[in-house]
């Protein structure tokens, strides 16, 4: 699977859309398109594997587990039932179909300062959001 990070995000987007029966998008919220937004904001190699030598491959996630941190938000911003449906989807799916990858979902948290920094730098109006991580690793 060449683009396993993109594939994992797209698979999750599709699951959220199916579960909530709402439009779901990847990226920063756009007021022109109401729905649920999954906004990846951080990518890292899993810290326990960061300094290990890995075989050369075309795809990082073939050899090292990666973590993608995301925010789940809604347009309109006060659509709490939609956000609740998205959270329910995350909690009901500990693992997302990632083809030849294991994609584990963990709802997490960040400080208000970090959250405000993300919103400020992305020029997003501050709103209620769910913070979660996708850990993508090889099945082998």
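Numbering (the numbering used here), first residue to last: 390 to 529. We put the CB at the ideal spot given by N, CA and C, even for glycine. All values derive from a computational prediction rather than experimental measurement.
Presumed contact (8 Å Cβ cut-off) between residue i and residue j, rounded CB distance
i: residue 460; j: residue 519; result: 7 Å
i: residue 435; j: residue 524; result: 7 Å
i: residue 491; j: residue 482; result: Actually they do not touch by this definition, with Cβ atoms about 13 Å apart.
i: residue 516; j: residue 466; result: 4 Å
i: residue 508; j: residue 464; result: Contact doesn't hold; Cβ gap of about 14 Å is too wide.
Same chain, Cβ closer than 8 Å to residue i, neighbours up to 5 away in sequence not counted
i: residue 476; result: 461, 496, 519
Pair within 8 Å by beta-carbon distance, residue i and residue j
i: residue 418; j: residue 398; result: no
i: residue 455; j: residue 432; result: yes
i: residue 471; j: residue 425; result: yes
i: residue 427; j: residue 413; result: yes
i: residue 484; j: residue 401; result: no
6 Å Cβ shell around residue i - same chain, five flanking residues per side excluded
i: residue 450; result: Per-residue confidence for residue 450 stands at a pLDDT of 47, beneath the threshold of 50, marking its modelled position as unreliable; the derived number appears in the next sentence. If we look at residue 450 and ignore the five residues flanking it on each side, its Cβ neighbours are 393, 525.
i: residue 474; result: 409
i: residue 407; result: none
i: residue 511; result: 417
i: residue 522; result: 456, 458, 495, 497
i: residue 415; result: 398, 402, 427
i: residue 479; result: 494, 496, 521
Short CB-CB distance (under 8 Å) between residue i and chain C
i: residue 433; result: Going by chain labels, chain C is absent from the structure shown, which holds only one protein chain.
heavy atom of the ligand SAH below 7 Å from residue i C-beta
i: residue 479; result: The ligand SAH is not part of this structure, which contains no ligands at all.
Other residues of its chain near residue i: CB distance less than 7 Å, five sequence neighbours each side excluded
i: residue 513; result: 417, 418
i: residue 528; result: 489, 490, 491
Can you list the alpha helix (DSSP H) stretches of 4 or more residues lying completely in the stretch 457 to 506, in chain order?
Here the runs fully enclosed are 469 to 481.
Can you give, in chain order, each stretch of the beta strand (DSSP E) that sits fully within the stretch 401 to 432 and has at least 3 residues?
Listed in chain order, the complete beta strand (DSSP E) runs (minimum 3 residues) inside the stretch 401 to 432 are 413 to 415.
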